[in-house]
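Report on one structure; see the data block that follows.
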Amino acid sequence: MKGLIVTICAACACFIAQAAEQPGLLPNSSFENAPDGNRPVGWAVFTTPDKLPGEFFVNAGTADASARTGENALQFYFPAGQEVVQAVWMCDPKYAGMPVEPGLYRCTFWIKVSGVEPGFHLWVSAVGFSADGKRSDKVQRSEYLNDKKLTDGEWMESTFYFDIRPEDNIATIAPTIVFKTNPDGKPHSVSPATRILIDDLVIERDQS
């Protein structure tokens, strides 16, 4: 029993240390807290069509892909090739969102791609929720990132700003990351050559 307590305490200390090292206000911004090795705590991935087979998370044991910092990163990758409309990583506001007050915020994230075809695009949204957990209509996002704005094989930084006003009644922000294959919403073939990585998603109050 004593050994078990020591082990649990050591694990808790590790998670606390990781949280302390994470920049910004969003918990687990580098996705290092992922006990099951398949997804960060409080995050889930959804696809259209539903439940498409793919690889959506990079950890220390993932071949042919690596995080920008640490060992983990979010990913959109279909190694067998698939007909895809979109794939979405969603942050649960209850378990992985961040409390906010009125003011201006800055969201920065890093993205690395390979094999992104014309028409493919990706963006990050800052989704607001009220104190009672209701999703707000006020959603602000990054620019659409596509093959013309991204360079194969290089980590690139993207930044956008969003403003929260008192009348918005937003208490929590939970990011959403969307990969869409076609502007018209129809399925498009995604080859095994296409891989998208997202890491270091940091949200903080803008002090400029």
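Using mature numbering (1 follows the signal peptide of the UniProt record, and there is no 0), the letters of the sequence shown correspond one by one to residues -19 to -1, 1 to 189.
C-beta atoms are modelled at their ideal positions from N, C-alpha and C, and glycine is treated no differently.
Source: prediction; values computed, not measured.
- Here PRO173 has PRO60, GLY62 as same chain residues with Cβ atoms under 6 Å from its own Cβ, once five neighbours each way along the sequence are excluded.
- Taking the C-beta atoms as reference points, VAL81 is found nearer than 9 Å to ILE145.
- Just so you know, the alpha carbons of THR132 and SER95 end up roughly 8 Å apart.
- Ranked by Cα distance from TYR125, the first of ASN163, ALA15, GLY109, GLU148 is ASN163.
- Cα atoms of THR43 and PRO30: separation of roughly 25 Å, rounded to the nearest angstrom.
- CA-to-CA, the gap between GLY35 and VAL97 works out to about 16 Å.
- Annotated three-state conformation of PRO4 is coil, per DSSP.
- If you ignore the 5 residues before and after TRP136, its C-beta comes within less than 7 Å of the C-beta of ARG49, TRP91, LYS93, all in its own chain and listed in chain order.
- Annotated three-state conformation of GLU148 is helix, per DSSP.
- According to DSSP, residue pairing for ALA54 in a beta bridge involves VAL39.
- For VAL183, the enclosing beta strand (DSSP E) begins and ends at 176 to 186.
- Assignment of THR132 by DSSP, reduced to helix, strand and coil, places it in the coil class.
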